[in-house]
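Going down the list, the sequences are from chains A and B.
Sequential numbering from 1 applies to the first sequence in the working numbering.
Sequential numbering from 145 applies to the second sequence in the working numbering.
The beta-carbon is built from N, C-alpha and C at its ideal position, and this holds for glycine as well.
Below: the structure, in structure tokens.
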Amino acid sequence: MPDITTVQNEIIEEFDILGDDRESTIFYIMELGDKLSPFPEEERIDDNIIKGCQSKVWLATREENGKVYFLADSNTDITKGLISLLIRVLSGRTAEEIISSDLYFIEKIGMGSIIGSQRSNGLTAMIKQMKRFAIAYQAKSKAL
Amino acid sequence: MFKNDLDQTTSKHIPFSVETIRAHFPILHQVVNGNPLVYLDNAATTQKPLTVIEALKTYYSLDNANIHRGAHTLAARATEQYEKTRTTVKEFINAPSSDQVIFTKGTTDSINLVASTFGKTYIGKGDEIIISTMEHHSNIVPWQMLCQSTGAILKIIPISDTGELEMEAFSNILSPKTKLVSIVHVSNALGTVNPMAEIIQKAHAVGAKVLVDGAQSTSHLEVDVQELDCDFLAFSAHKLYGPTGLGVLYGKRDILESMPPYQGGGEMIKEVDFEGTTYNDIPFKFEAGTPNIADVIAFQKALDFILAVGRHNIHAHEQELLQYATEKLSTIKGFVPVGTASEKVSVLSFLIENMHPFDVGVMLDAGGIAVRTGHHCAQPLMKRFNIEGTVRASFAVYNTKNEIDTLYQWISRIAKRKN
Chain A
1 MPDITTVQNE IIEEFDILGD DRESTIFYIM ELGDKLSPFP EEERIDDNII KGCQSKVWLA
61 TREENGKVYF LADSNTDITK GLISLLIRVL SGRTAEEIIS SDLYFIEKIG MGSIIGSQRS
121 NGLTAMIKQM KRFAIAYQAK SKAL
Chain B
145 MFKNDLDQTT SKHIPFSVET IRAHFPILHQ VVNGNPLVYL DNAATTQKPL TVIEALKTYY
205 SLDNANIHRG AHTLAARATE QYEKTRTTVK EFINAPSSDQ VIFTKGTTDS INLVASTFGK
265 TYIGKGDEII ISTMEHHSNI VPWQMLCQST GAILKIIPIS DTGELEMEAF SNILSPKTKL
325 VSIVHVSNAL GTVNPMAEII QKAHAVGAKV LVDGAQSTSH LEVDVQELDC DFLAFSAHKL
385 YGPTGLGVLY GKRDILESMP PYQGGGEMIK EVDFEGTTYN DIPFKFEAGT PNIADVIAFQ
445 KALDFILAVG RHNIHAHEQE LLQYATEKLS TIKGFVPVGT ASEKVSVLSF LIENMHPFDV
505 GVMLDAGGIA VRTGHHCAQP LMKRFNIEGT VRASFAVYNT KNEIDTLYQW ISRIAKRKN
């Protein structure tokens with residue numbers, strides 16, 4: 001599995017191809033959302049809703065062989081697309097990798113101008129929540 | 145490029161031509177995300193004619209001074225212009241006298257003023273306040289807060305599936321316990337025009353006072369407070385092509401005079417003594433502190449603009465746009481209008497099947513089209529329709545059929561993706 005930096009650079013390249021065409025970029029993000037793995041219905045609970053998002057976002061995690069995996073869903077296609085990018089970068093990594101990750105791709109692909117500052121706050125909340133899960137897994141493994 | 149001749153033409157009518165009107169609005173002539181701006185978020189705020197923008201500049205460049213009680217020339221000039229706007233507002237809503245026109249921060253502030261003064265004085269435990277399902281949060285929360293502090297009860301008029309008030313239900317909840325009926329004249333989320341005259345007549349018959357939330361009506365309809373016989377009218381300047389941060393509260397004289405002040409401070413006093421203070425007469429009793437002088441003065445130009453174009457012309461043009469947009473967008477597969485009242489202003493709220501309103505809004509923004517998406521500060525109304533929000537296109541005097549064609553093309557493309 002390529003490292004976090006490599007995956008981020010791949011995403012930046014993909015968005016570079018789309019250039020300044022805002023419409024294509026948005027359609028592309030929505031399509032990414034369509035391809036997100038289905039979210040398990042039993043995880044669609046209030047505890048998994050991320051606070052600070054304008055649209056509804058559910059985030060669930062599991063740990064397997066020392067790796068943290070994320071599953072997510074949203075009621076808006078654009079948000080789903082954005083989560084799918086985060087999952088592509090962070091899912092299946094160790095807690096340490098997730099905690100120490102610097103997600104520079106978000107700024108590089110110009111997300112702020114497309115989704116607006118309110119939505120950016122939601123994105124920040126999503127990243128925080130993903131890192132919080134990683135911190136919890138790390139604490140748990142150290143305790144064992 | 146821009147017409148700046150309204151000063152000379154305020155007493156005359158501007159011949160109605162959308163292109164002439166658009167020339168007065170510099171902001172409209174720009175490219176957004178590679179496309180010409182199509183501004184269809186007028187129910188949130190309207191754009192400002194150049195005369196309003198220039199008036200702000202002129203005031204700060206030449207006339208800036210604190211108003212009232214100034215011995216110097218600049219203070220006299222500022223005061224004269226400030227009070228001139230009050231007189232124009234009086235004429236605009238046909239108030240009996242200009243001292244019944246109070247300047248506030250906006251509709252929300254006007255409603256809070258009434259809740260804090262009239263409400264706390266005349267509404268007590270067990271009394272009832274009637275609002276409706278289609279109210280903006282600013283005509284819900286102040287009354288909830290008043291009910292919490294006084295023990296009064298909030299009653300709600302339900303609405304039909306078309307987004308119209310259930311008038312029979314209103315008659316049934318009206319009683320001698322009703323002290324105030326506070327209703328939106330025009331729904332910001334649906335565009336429904338409510339039968340205010342009938343509501344006021346019925347409320348008065350049981351001895352209740354009526355506040356008309358005119359935030360969305362004063363820009364589209366001729367609102368005559370004497371003809372309506374309302375007790376209060378609240379509205380905002382920024383939805384009337386005027387500056388932000390400024391609103392109006394009109395009230396009947398005897399009620400305003402009997403109400404205690406809202407805030408204490410300068411301007412609102414007659415005489416201050418540590419033993420006690422006597423309050424100023426209306427409207428100053430309710431205008432504590434240095435008011436929003438610049439915006440009040442610039443608001444004059446917004447009202448001049450509306451009067452020069454003619455409210456009937458504005459209404460006719462907007463109705464034509466509404467009908468054109470409704471018919472055209474209805475042909476799109478997956479287009480679902482929300483709010484289909486028989487009498488509406490130029491607000492078109494809708495959903496695209498299988499799409500979240502936010503996604504539609506972001507896509508339209510890519511096309512340079514500004515609409516509002518979400519609950520429109522009317523969450524109880526959204527719950528009534530069992531939806532999270534809508535996409536809302538709202539048209540003003542400067543919008544064109546070409547712009548609606550652009551909206552149609554983009555919505556068609558967006559809807560096709562999912563339907």
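Opposing strand residues paired with residue i [DSSP bridges]
i	result
G518/B	T534/B
I45/A	According to DSSP, which records beta bridges pairwise, I45/A is partnered with nothing at all.
T248/B	G391/B
Y69/A	R62/A
Y183/B	A514/B
T422/B	E415/B
V57/A	S74/A
K142/A	Paired residues: none, contrary to the question.
H492/B	Per the sequence presented here, residue 492/B reads as Leu, with His not at that position. Answer is A537/B.
I274/B	K299/B and V325/B
F133/A	None, per the DSSP bridge assignment.
P574/B	For chain B, the structure presents residues 145 to 563; residue 574/B sits outside this window and is missing.
T336/B	K488/B
K353/B	L324/B
S380/B	G391/B
V440/B	Partner(s): none; V440/B has no beta bridge.
L309/B	I303/B
R93/A	V68/A
V176/B	N179/B
V330/B	V337/B
Cross-chain neighbours of residue i in chain B, by beta carbon under 8 Å
i	result
E185/A	The question about residue 185/A has no answer, for chain A in this structure spans 1 to 144.
Within chain A, partners of residue i - CB distance below 8 Å
i	result
D503/B	M30, T76, D77 and I78
Interface residues of chain A facing residue i [CB-CB closer than 7 Å]
i	result
N530/B	By Cβ distance, chain A contributes nothing, its closest Cβ being about 14 Å from N530/B, past 7 Å.
Cβ separation of residue i and residue j, assumed to be a contact under 8 Å, to the nearest whole Å
i	j	result
E96/A	Q138/A	7 Å
V482/B	S538/B	No, V482/B and S538/B are not in contact; Cβ-Cβ is about 13 Å, not under 8 Å.
F105/A	I12/A	5 Å
N498/B	G511/B	With a Cβ gap of about 20 Å, N498/B and G511/B do not count as contacting.
L298/B	I317/B	Incorrect: roughly 11 Å between the Cβ atoms, too far for contact.
M126/A	I50/A	6 Å
T94/A	S55/A	Contact flag wrong, Cβ pair sits at about 30 Å.
V328/B	D357/B	4 Å
R536/B	R557/B	Between R557/B and R536/B the Cβ distance is about 19 Å, and since that is not below 8 Å, they are no contact.
S326/B	L355/B	4 Å
G389/B	G250/B	7 Å
Contacts of residue i in chain A (Cβ-Cβ under 9 Å)
i	result
H500/B	S55, S74, N75, T76, D77, I78 and T79
Contacts of residue i in chain B (Cβ-Cβ under 7 Å)
i	result
I26/A	V506, M507 and A510
Contact with chain D by residue i, beta-carbon distance below 9 Å
i	result
I211/B	The chain labelled as chain D is not found among the protein chains of the depicted structure, namely A and B.
Do three or more CB pairs link the segment 405-423 of chain B to the segment 282-291 of chain B at distances below 8 Å? no
At a CB distance below 8 Å, what residues from the segment 170-184 of chain B approach chain A? Give them in sequence order. N177 and G178
Report the residues of the segment 264-281 of chain B with a CB closer than 9 Å to any CB of chain A, ordered along the chain. none
With contact counted as at least three CB pairs below 8 Å, one residue from each stretch, are the segment 449-461 of chain B and the segment 359-374 of chain B in contact? yes
Count the CB pairs spanning the segment 426-436 of chain B and the segment 404-411 of chain B that are closer than 8 Å, and state whether there are at least three. yes
Does the count of Cβ pairs from the segment 182-196 of chain B and the segment 209-225 of chain B closer than 8 Å reach three? no
So does the segment 69-87 of chain A actually touch the segment 27-40 of chain A, counting three or more Cβ pairs closer than 8 Å? yes
Inter-stretch contact at 8 Å, needing at least 3 Cβ pairs: the segment 446-453 of chain B / the segment 518-526 of chain B: no
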